[in-house]
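Chemist: Take this structure first; my questions come after.
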Amino acid sequence: MKRAAAVAGLFYPGNPEELKSYLASVVKIEESGNPVTAAVVPHAGYIYSGEVAAACYNNINQADCYVILAPNHTGLGSPFSIMREGSYITPLGEVKIDKKIASSILKNSTVLEDDPIAQIKEHAIEVQLPFLQFISEKTGHRFKIVPIVLATQQFDHLEEIGVAIASSIGKNSVCIIASSDMNHYESQQITEIKDNLAIDQMIKFDPLGLLETVHKNDITMCGVGPAVSAMIAAKHLGASKAKLIAHSTSAKMSNDYQKVVGYAGIVFY
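For the sequence shown, the positions run 0 to 268 when numbering that gives the first Met the number 0 is used.
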């Protein structure tokens, strides 16, 4: 299946030249000092979270494949969705799915299902792709993706998926992206407190601690499940450190400090 762009012109510019112009203003083509195994990257409209997302991609080494885990905002399809083959389309072109790695992850997991329906309207993977496409065009480094959409916060399921990802990568050049915004629609003050609680657990590289902290403190971090699975996979792949790259909120652009959304960029290496 060729998954058509669902949020071009809404979350990010639908015109290719306008999109490239924006990306050129925020993306720096350079290699980070440490090879990044996984990252947490926001997925809101570029006007709000694009600078944080770009800061994260500016610190991620280019890979041949990106396993992108996202939450299910739409409620469509399987709660454990992976697309085994096909592609995603954005205004910058087509991104193919790495069938070999996707098939291996599917084989190694007892809960994931090959289900494109959960991904047709989900924005959290799509908004990541233009950043990667822009970098690829500038460097000539081609890449594929494995898109996974999760509608669960059950630790045992998230752990199994993380282990399945790690065991399927082998010697391939792969980076894992957890697509997530942070706390939603509370005041700037409360959001900063709640975001920092979750960020602290990620910096401690504690996936279970992150999940428990989010639940205990009613933190509406939409992609906590993907972040937990990504952290577990990164640990199994030998990563041992985490670094906060950037943190901001929607108030920077909206000037609304009563109902804000938090955005954090974190890398694991």
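No residue lacks a Cβ here, since even glycine has one placed at the ideal position from N, Cα and C.
(1) Between the beta-carbon of residue 65 and the beta-carbon of residue 2, is there less than 8 Å?
(2) Would you mind sorting residue 138 into buried or exposed? The rule is 16 or more other CB atoms within 10 Å of its CB.
(3) Below 8 Å between beta carbons: does that hold for residue 82 and residue 115?
(4) Could you please give the first and the last residue of the uninterrupted beta strand (DSSP E) stretch that includes residue 6?
(5) Does the distance from the C-beta atom of residue 175 to that of residue 101 stay below 8 Å?
(6) So, using beta-carbon positions, are residue 201 and residue 124 closer together than 8 Å?
(7) Since residue 46 is in the alpha helix (DSSP H), which residue starts that stretch and which ends it?
(8) Identify whether residue 172 lies in helix, strand or coil by the three-state DSSP scheme.
(9) Looking only at its chain, what residues have a beta carbon closer than 7 Å to the beta carbon of residue 105, apart from the 5 residues adjacent to it on each side?
(10) Out of curiosity, what's the CA-to-CA distance linking residue 26 and residue 61?
(11) With DSSP collapsed to three states, give me the class of residue 134.
(12) Please determine, among 151, 243, 108, the residue with the shortest C-alpha to C-alpha distance to residue 167.
(13) Within a Cβ cutoff of 6 Å, which residues of the same chain sit near residue 140, ignoring the five residues on either side of it in sequence?
(14) Is it the case that the segment 6–16 contacts the segment 147–163, given that we only count it when at least three CB pairs across the two stretches are under 8 Å?
(15) Going by other Cβ atoms of all chains shown within 10 Å of its Cβ, with 16 needed for buried, is residue 42 buried or exposed?
(16) Could you give the first and the last residue of the continuous alpha helix (DSSP H) run that contains residue 212?
(17) Report yes or no: do three or more beta-carbon pairs, one from the segment 247–263 and one from the segment 185–192, lie closer than 8 Å?
(18) As a quick exercise: from 58, 160, 132, 36, pick the residue whose alpha carbon is nearest that of residue 69.
(19) How would you call residue 49, buried or exposed, if buried means at least 16 neighbouring beta carbons within 10 angstroms?
(20) With a CB to CB cut of under 8 Å and the five nearest residues on each side skipped, what residues in its chain are close to residue 142?
(21) Give the secondary structure of residue 177 by DSSP, where H, G and I count as helix, E and B as strand, and everything else as coil.
(22) Is residue 29 buried or exposed, if buried means 16 or more other CB atoms sit within 10 Å of its CB?
(23) Give me, in chain order, the residues of the same chain whose beta-carbon lies closer than 8 Å to that of residue 35; leave out the 5 immediate sequence neighbours on both sides.
(24) Going by beta-carbon coordinates alone, are residue 118 and residue 67 separated by less than 8 Å?
(25) Let me check understanding here. Comparing Cα to Cα, which of 226, 214, 39 lies closest to residue 56?
(26) What is the rounded straight-line gap between the Cα of residue 6 and the Cα of residue 21?
(27) CA-CA distance, residue 121 and residue 240?
Modeler: By the coordinates alone:
(1) no
(2) exposed
(3) yes
(4) Here residue 6 belongs to no beta strand (DSSP E), and DSSP marks it neither H nor E.
(5) no
(6) Going by C-beta atoms, residue 201 is not nearer than 8 Å to residue 124.
(7) 45–56
(8) Assigned with DSSP and collapsed to three states, residue 172 falls in coil, not helix or strand.
(9) 81, 83, 111, 113
(10) 13 Å
(11) helix
(12) 108
(13) 61
(14) no
(15) buried
(16) 206–215
(17) yes
(18) Of 58, 160, 132, 36, the residue nearest in Cα terms is 160.
(19) buried
(20) 61, 62, 63, 64, 65, 94, 131, 135
(21) Residue 177 falls in the strand class under three-state DSSP.
(22) exposed
(23) 58, 59, 60, 174, 266, 267, 268
(24) no
(25) By alpha-carbon distance to residue 56, the top candidate from 226, 214, 39 is 39.
(26) 16 Å
(27) 30 Å
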